[in-house]
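Residue numbers (the UniProt record's numbering): 1 to 315.
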C-alpha cells in the first residue's frame with residue numbers, strides 16, 4: 001500500500017480550509033473596532049468643546065444689555081445641554097456595541113487554535129509516512145541501509161493508520177467547531193451592528209428635534225432694517241421658554257419608551273442562536289422552508305382557497 005494514499009474505508013478531507021491566516025482577519029477586526037473607539041472618543045471631546053463654547057457665549061451674552069440675545073442664548077445653552085446628554089447616550093451605546101462585536105475575536109481565536117491542532121496532526125502523519133517510505137526503500141540504492149524487520153514495518157503501519165484516524169477525527173472536530181463558531185459570530189455581529197445603527201438613528205432623530213427648536217427660537221430675535229432700534233421690544237421670551245420646554249418633554253417621552261425597547265432587545269438576546277432569520281411566513285407548497293422558520297402544515301385540497309396560485313406540479 002502506498003504510504004501517500006489514505007487507508008481504504010477512511011476519508012480524509014483537504015486542509016484547504018486552513019488557507020488564509022485567522023490572525024490577519026483578527027487583526028483587521030481589532031483595527032476596525034479600534035477606529036470605532038477612537039471616533040467615540042472624538043465625539044466625547046467634541047461634545048465637551050461644544051458645551052464649553054456655549055457656556056462662554058452665555059457669559060458673553062450676560063455682559064450685554066441686549067435682552068433678546070441674553071434670553072435666546074440662555075435657551076440655546078439649555079438645548080446644547082440636552083444635546084450633550086444625547087451624545088453621552090450615543091457614546092455609551094457605542095461602547096457597549098463595540099464590546100459585543102469584540103467578542104467575535106473569541107470565536108476567531110477558537111477557530112485558530114483548532115486549526116493549529118489540525119496542522120500539528122498533519123505534520124505527525126507526514127512524518128510517519130516518510131518513515132514508512134524509508135523502511136520500504138531500505139536495502140536498495142547506492143547508500144544501503146539496514147532492512148527493517150517485519151515487526152518494525154507492522155508497528156510503523158499501525159502508527160500510520162492511527163495517525164490517519166486521529167487526523168480524520170481532528171478534521172471532523174475542526175469542521176463542527178468552525179460551523180458552530182460561525183453561527184455565534186453571525187449572532188454577535190448582527191446584535192452589535194443592529195445596536196450601533198439603532199443608537200445612531202435614535203441620536204440623530206433627537207438631535208434634529210433639538211436643533212429644530214434652536215432654529216425656531218433664534219427667529220424670535222428681532223431682525224430690523226427700517227425701524228428705530230430704540231422702539232423695538234423683545235416679546236419672544238415666553239414663547240422661547242414654552243418651545244424649549246416642549247422639546248424637553250418630547251425627549252423625556254422618548255426616554256420613557258427606552259425600557260420597552262431594552263426588554264425587547266433582551267428577549268432577542270435570549271433567542272436561540274440558530275434562529276438566523278425572521279419568523280416563518282405563509283409559503284407556497286412548492287417553496288422550500290427557510291432556515292429557522294417554524295413548521296407550517298400544508299392546507300388540504302378541500303379547504304384550500306380556490307384563488308390561491310396552483311402548484312407547479314400535479315397532485
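Glycine included, C-beta positions come from ideal geometry on N, C-alpha and C.
Considering only 164, 135, 106, 133, the residue with the shortest C-alpha distance to residue 121 is 164. Residue range 150-218 is occupied by the alpha helix (DSSP H) that includes residue 189.
In the three-state DSSP reduction, residue 134 falls in the helix class (H, G or I).
Between the alpha carbons of residue 111 and residue 34 lies a gap of roughly 22 Å. Ranking 247, 153, 192, 113 by CA distance to the CA of residue 130 puts 153 first. Per the Cβ contact rule, the stretch 79-94 is in contact with the stretch 33-51 (3 or more Cβ pairs under 8 Å). Approximately 41 Å separates the beta-carbon atoms of residue 174 and residue 90; this is outside 8 Å, ruling out the contact. With respect to residue 94, residue 29 sits apart: the two C-beta atoms are not nearer than 8 Å. If the five residues before and after residue 40 are omitted, its C-beta is found closer than 7 Å to the C-beta atoms of 91, 94, 95, all from its own chain and listed in chain order. Within the stretch 60-111, the complete alpha helix (DSSP H) segments of 4 residues or longer fall at 67-102, listed in chain order. The DSSP-derived three-state label of residue 128 is helix.
Ranking 238, 160, 55 by CA distance to the CA of residue 133 puts 160 first.
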